[in-house]
Every structure is written in structure tokens, then in C-alpha cells.
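Each remark here refers to the structure printed beneath this line.
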Amino acid sequence: MWCGGAPHRGPPDQSSVTAFPASIQWCLVSELDLILLGPPGAGKGTQAQRLQEDFQVPFISTGDMLRSNVKEGTDLGQHADKYMKAGDLVPDGLIVAMVAERLHEEDALDGFILDGFPRTIEQAKALDKQLSELGRRVTAALLIDVPDEEVIKRLSGRRVCVKSGHNYHVDYDPPKHEGVCDQDGSRLIRRDDDDPEVISNRLRVYHDQTSPLIDYFDEQGVMRRIDGTRDAAEVHDHIRAVIATLRLEDNF
Ligand code: AP5
Ligand code: MG
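Each residue of the sequence shown is one higher than the one before, starting from 193 at the first, in our numbering.
Here's what the structure looks like:
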């Protein structure tokens, strides 16, 4: 992770690292490459926004990227729209190419928080390959665990700012004024895929196609489980504690 001066790239170079005091070495040795995993409505976007401020690395949400493409009517957006409306996964080839391009942007070179990617074993393998070509690897996959009944409550009450994408919930996290974003005064809407039938399908897709990633990252030794049923501030504190522990263990 980068803290100032000429940024370090790739695996730690021990000869140059040992020339710095311990506090500075900590900044130079490695990127913070985080994955947020979990069912729809687990709070991945809510936590990613907070973590982005803590760690100064970009929050990359494939769902948000796809929604922008749909809004702008790009070829990718036109292709993805039908899958998203049904709550199905957009084909791996399209997603992998979109993420690969994004991870090459300057701001992602020192780390990232991925929300909603990978979502299949195929996508996870493609990410591993891309990172290993850059001399990097996933630092941690954080599973925000929430049962299906809670997902349904959260998604049924979610409202999203049309402009900035800030998340609210009519009961758990209501805006100060109904239907209006606290941050920029824009209109709050319900997402197209937060319809009850689509929510059921998204859950089915998560259990069938995405949950196998839990074993995949467990085998790599990078899986960390977070109880996502606690309130958002407690979940955030737990994630920060997990990352602090990883830093002590792995010195990144
Ligand atoms: P995407 O946008 O990624 O949706 P998702 O995974 O279904 O997750 P959500 O964004 O619905 O939930 P979240 O976990 O971010 O929860 P949030 O913080 O909003 O993907 C959408 C679609 O794009 C997919 O269905 C697919 O078609 C396509 N797609 C995207 N990525 C893809 C990929 N890699 N491959 C293929 N296709 C892909 O919180 C939810 C609500 O709960 C909010 O109202 C919030 O205020 C509230 N809340 C949050 N935390 C708490 C808490 N701790 N307690 C109480 N309430 C809380
Ligand atoms: Mg989200």
C-alpha cells in the first residue's frame, strides 16, 4: 500500500525495503487488494464506501459499472441489461474484460476494494491470473454473511440516490427527508432488480454460482468471515480489525 514518494510496484524488494524504518517499510511492502463477497443486500456497497475512505484505495463495484453502462446505452450496457433485470449473472467474458481494464487504471495500482467481483470460479481464476502478472495476489476475501430472510428485508426497503448511488433503507437507515438524498439532495429510487421475484432469483444465483468461491478463497488461506447481521458501524469496525490483524500477520 502506498503512503508517499515513489510508489512500490510488484513483490517486495527486500534489499530496498530494509533501508527504511519499520513504519515506512509497512507502507512500501504491498498493495491492499480486497474482495467483498456476500449475498445481494449483504451490505457490500455500504461497507466499500466506508473502507474506501479508511484505506484510500478505489472501490470498484461491477454492479455500479454495469448500471452506468446501461444508463449510457453502451454496447456492454445493452447486452448486460437483460441479465441484470432478471437477476442473472452477465457472461464472464464481458465482466472479466471490464474489470481487467479498470484494474490497469492508475488509481488501482496500489490496491482496490472489489465489490461484486469475482462472482464465479471462472472470474476468480481470471483475477488471480491478472494479479499474478502484476506480482500481486488477493490480500483478503471478506465474506459479509447475512441469511436470506435478512437479505429480503434489506433489499425490499433499499433506496438509492439517482446521482451518486448512496444507499439508504426506509427502516434501517432512512434519509432525513423521505425520498431525498442527504448528501446531495437528489431523488432516491428503488433499484429495478429490487423487485421480489428478481431478489429470489439473485439469491438462487448467489447460492449456485457465487458461494463456491468461499471454498476457493478458503483454500488460498485468504477467506475472512464477517457477521453481516450486526449494524453497519459494527460490521465496519469488525472489517477494520480483520485488516489490522492481517497487516500484523503478513506485514503488508
Ligand atoms: P450488484 O450491484 O453487485 O448487486 P448485488 O451483489 O446483488 O448486491 P447489492 O448491491 O444488491 O447489495 P450490497 O451487498 O451492495 O448491499 P447494500 O450495501 O446496497 O449486481 C447487480 C447485478 O449486476 C447482478 O445481479 C448481475 O446481473 C450484474 N453483475 C454485477 N457484478 C457481476 C459479476 N461480477 N458477474 C456477473 N454479473 C454481475 O445494502 C443493501 C441494503 O441494506 C441498503 O438499503 C443498506 O442501507 C442496508 N444495509 C446495509 N448494511 C446494513 C446493516 N449492517 N444492517 C442493516 N441494513 C443494512
Ligand atoms: Mg451493491
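From the three backbone atoms N, C-alpha and C, an ideal C-beta is built for every residue, glycine too. Fair warning: this is a prediction, and the values are worked out from it, not measured in the lab.
For the pair His-271 and Gly-308, the Cα-to-Cα distance works out to about 18 Å. In the structure shown, the three-state DSSP call for Tyr-398 is helix. With contacts defined by Cβ atoms closer than 7 Å, His-361 and Gly-349 form a contacting pair. The set of residues with CB atoms less than 7 Å from any heavy atom of the ligand MG reads, in chain order, Lys-236, Gly-237, Ser-253, Gly-255, Asp-307, Gly-308. For the options Gly-233, Leu-228, Pro-232, the alpha carbon positioned closest to that of Ala-240 is the one of Leu-228. For the pair Pro-367 and Asp-374, the CB atoms are nearer than the 7 Å cut-off. For Ala-234, the secondary structure class from DSSP, reduced to helix, strand or coil, is coil. Taking 7 Å as the cut-off, the Cβ atoms of Leu-306 and Ile-381 do not count as close.
Residue range 284 to 295 is occupied by the alpha helix (DSSP H) that includes Asp-284. Ile-252 is bridged by DSSP to Leu-306. The alpha helix (DSSP H) runs lying completely inside the stretch 316 to 354 and spanning 4 residues or more are 340 to 349, given in chain order. With distances taken between CA atoms, Leu-226 lies nearest to Pro-310 out of Pro-310, Asp-400, Arg-422, Pro-404. Between Pro-231 and Val-330 the beta-carbon gap is near 20 Å, outside 8 Å, which marks them as no contact.
Taken atom to atom, the span from the alpha-carbon of Asp-419 to that of Ile-431 is near 10 Å.
Annotation for Tyr-275: Leu-281, Val-282 place their beta carbon closer than 7 Å to its own, counting only its chain and skipping 5 residues before and after. Lys-355 places its beta carbon less than 7 Å from that of Asp-376. Note on geometry: alpha-carbon atoms of Thr-254 and Ile-287 lie some 8 Å from one another.
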